[in-house]
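Okay, structure first, notes after.
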Amino acid sequence: MMMAPLKALKTKIGDIKDALIDWFVDAGIIAKLAIGGIAAAVAIFFALFIYEYRIDDDPSLKPSPQHAVEGGSKAVTMAATLMDLETQHWAPNKLWFYPIAHSSNMIAYQKGIQYAVAQWATQMTDFLGRERGSGEADPNLVAAKGLLNYDPTAFMLPSAVSQYRDGIGNLDDYNRRLAHGQAKYDKIASSLSDFLIKVGKDMGSQSGTIELTVLSPDDFTEAEKQRLTDNQRRVLSSNGGYFDGRSSQVFFATKGRMYAYYVILNALGEDFHDVIVAKGAEAHWQNMLVSLRSGASFYKFFIANGAGGSYFIPSDLAYQGFFLLRFDKQLQEVADILNR
């Protein structure tokens with residue numbers, strides 16, 4: 351009995367297809383050209399989207415010769431290299447008619463990278479790139495801090511890309527001055543520990559966002575919901591499985607932050623190598639980087655936000671969150687060792 355409706359539906363679809371073919375055959379040349387033009391435009395649009403889409407997450411990213419400075423900071427070189435790479439195909443500030451403007455994954459990922467680099471630039475200016483106490487902030491780092499914190503969606507007057515490139519230029523200038531002994535770099539254990547604690551707080555807030563994205567409203571009591579902020583309630587209100595577009599944005603924003611921090615911390619490990627070894631934290635530092643790299647390298651084009659323990663829909667955010675929390679715990683261990 352179930353076959354009859356299916357057969358009727360199949361017949362109806364066949365009739366519609368035949369009618370469309372007959373209409374196209376009988377249509378005039380202008381209509382055919384218009385339809386052909388639309389089809390070609392759609393094909394070109396999607397082809398450009400595929401060509402422009404990229405998630406650069408190579409854990410073995412090498413320093414660009416353009417930014418490498420002998421005797422300078424490896425972390426500054428890698429931050430400049432990373433931002434230079436991303437600004438070559440910057441998506442967050444593209445207008446709607448650009449194909450890549452419709453890639454929420456790439457936009458969230460690049461925003462995550464920019465956010466992490468901007469946070470590092472802030473800490474570099476306020477702590478690492480100056481002497482403790484009354485040391486004056488470095489002018490190039492101050493400029494880089496402001497420029498790299500610029501709105502990533504700004505299209506013009508000035509654009510985000512132009513601001514970030516100016517920020518990269520100031521990082522290069524600082525590094526050249528550092529190599530010639532004309533700039534400060536406070537390479538002591540307490541400064542590195544302070545920076546790690548700042549990174550931990552940043553990633554801790556991101557893990558909270560992941561938690562609210564993974565959990566459903568049923569996991570909270572009414573009293574607990576009342577203590578949430580309006581933004582937290584909005585995040586909690588959706589749990590769409592494979593169709594939860596917001597979870598994809600959270601995933602890629604987190605991935606971008608983790609990758610940027612991995613690149614920077616890996617380079618910071620070279621800058622502070624003697625300090626880390628002297629404190630006996632080398633093994634802990636490497637374990638921390640392994641966890642961060644594992645989370646930063648995890649990639650899926652379609653992100654599933656299934657319930658915990660689901661047999662059918664996995665929770666990619668929970669998997670990512672595992673590496674994030676493991677990294678955070680190991681980071682705290684390293685910070686504690688450096689403070690001893």
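Every number in this note's numbering is 350 more than the matching position in the sequence shown, counting from 1.
Quick reminder that beta carbons are idealized off the backbone N, C-alpha and C, glycines included.
Just so we're clear, the structure is a prediction, and the values are computed from it rather than from any experiment.
First and last residue of the alpha helix (DSSP H) that includes PHE673?
Taking the first residue of the sequence shown as 1, we reach residue 673 at position 323. Note, PHE673: alpha helix (DSSP H), 666-688.
If you draw a straight line from the C-alpha of GLN556 to the C-alpha of ASP523, how long is it?
In the sequence shown, the residue the question calls residue 556 occupies position 206. In the sequence shown, the residue the question calls residue 523 occupies position 173. Using only the alpha carbons, I get a separation of about 32 Å.
Which residues in the same chain have their Cβ closer than 7 Å to the Cβ of TRP470, if we skip the five residues on either side of it in sequence?
Locating residue 470 in the sequence shown gives position 120, counting from the first residue. So the list reads ALA429, ILE614, once near-sequence residues are dropped.
Can you name, in chain order, every residue of its own chain whose Cβ lies under 6 Å from the Cβ of GLY630, other than the five neighbours on each side?
Taking the first residue of the sequence shown as position 1, residue 630 is located at position 280. Excluding residues within five positions, none has a Cβ falling inside 6 Å.
Where do the ends of the alpha helix (DSSP H) carrying GLN464 lie?
Your numbering for residue 464 matches position 114 in the sequence shown. Residues 454-473.
Are the CB atoms of GLY479 and LEU498 within a distance shorter than 7 Å?
Taking the first residue of the sequence shown as position 1, residue 498 is located at position 148. Taking the first residue of the sequence shown as position 1, residue 479 is located at position 129. Going by C-beta atoms, LEU498 is not nearer than 7 Å to GLY479.
Rounded to whole angstroms, how far is the Cβ of ASP434 from the Cβ of ILE518, which I believe are closer than 8 Å?
Within the sequence shown, the letter at position 84 stands for residue 434. Within the sequence shown, the letter at position 168 stands for residue 518. Their Cβ separation, rounded to whole angstroms, is 6 Å, which keeps ASP434 and ILE518 in contact under 8 Å.
Can you grab the Cα-Cα spacing for the pair GLY485 / ALA504, in whole Å?
Here residue 485 refers to the residue found at position 135 of the sequence shown. Here residue 504 refers to the residue found at position 154 of the sequence shown. Cα to Cα, the separation comes out at about 34 Å.
Let me check understanding here. Comparing Cα to Cα, which of PHE648, THR437, LEU688, SER453 lies closest to GLY671?
Taking the sequence shown and counting its residues from 1, one reaches residue 671 at position 321. Comparing Cα-Cα distances from GLY671 to each of PHE648, THR437, LEU688, SER453, the minimum goes to PHE648.
Please return the same chain residues whose Cβ sits closer than 7 Å to the Cβ of MET351, not counting the five positions on each side in sequence.
As a first step, residue 351 is located in the sequence shown; it is residue number 1 there, counting from the start. At MET351, the pLDDT of 48 sits below 50, so the modelled position is not reliable; the number obtained from the coordinates is stated separately. Nothing meets the Cβ criterion.
PRO449 lies in the alpha helix (DSSP H); which residues open and close that run?
Taking the first residue of the sequence shown as 1, we reach residue 449 at position 99. From DSSP, PRO449 is part of no alpha helix (DSSP H); its letter is neither H nor E.
For the candidate residues ALA493, ILE663, SER410, SER512, whose alpha-carbon lies nearest to that of GLN438?
The residue given as residue 438 occupies position 88 in the sequence shown. Nearest in C-alpha terms to GLN438, of all of ALA493, ILE663, SER410, SER512, is SER512.
Suppose the cutoff is 8 Å on Cβ atoms and the five residues either side in sequence are ignored; what does the same chain contact list for ALA493 look like?
As a working note, residue 493 is residue 143 in the sequence shown. The residues are ASP516, GLY517, ASN520.
Whose C-alpha, out of ILE547, TYR612, VAL392, PHE601, is nearest the C-alpha of ILE653?
Reading the sequence shown from its first residue, position 303 is the one you call residue 653. Here the closest residue by C-alpha is PHE601.
For the alpha helix (DSSP H) holding ASN499, just list the boundary residues, first then last.
The residue given as residue 499 occupies position 149 in the sequence shown. Element bounds for ASN499: n/a, residue is neither H nor E.
If distances are taken between C-alpha atoms only, which option among ASP624, ARG607, LEU675 comes closest to MET638?
The residue you call residue 638 lines up with position 288 of the sequence shown. For the options ASP624, ARG607, LEU675, the alpha carbon positioned closest to that of MET638 is the one of LEU675.
If you reduce the DSSP assignment to three classes, tell me which class HIS439 lands in.
The residue labelled residue 439 in the question sits at position 89 within the sequence shown. Looking at HIS439 - three-state DSSP - the assignment turns out to be coil, as it is neither helix nor strand.
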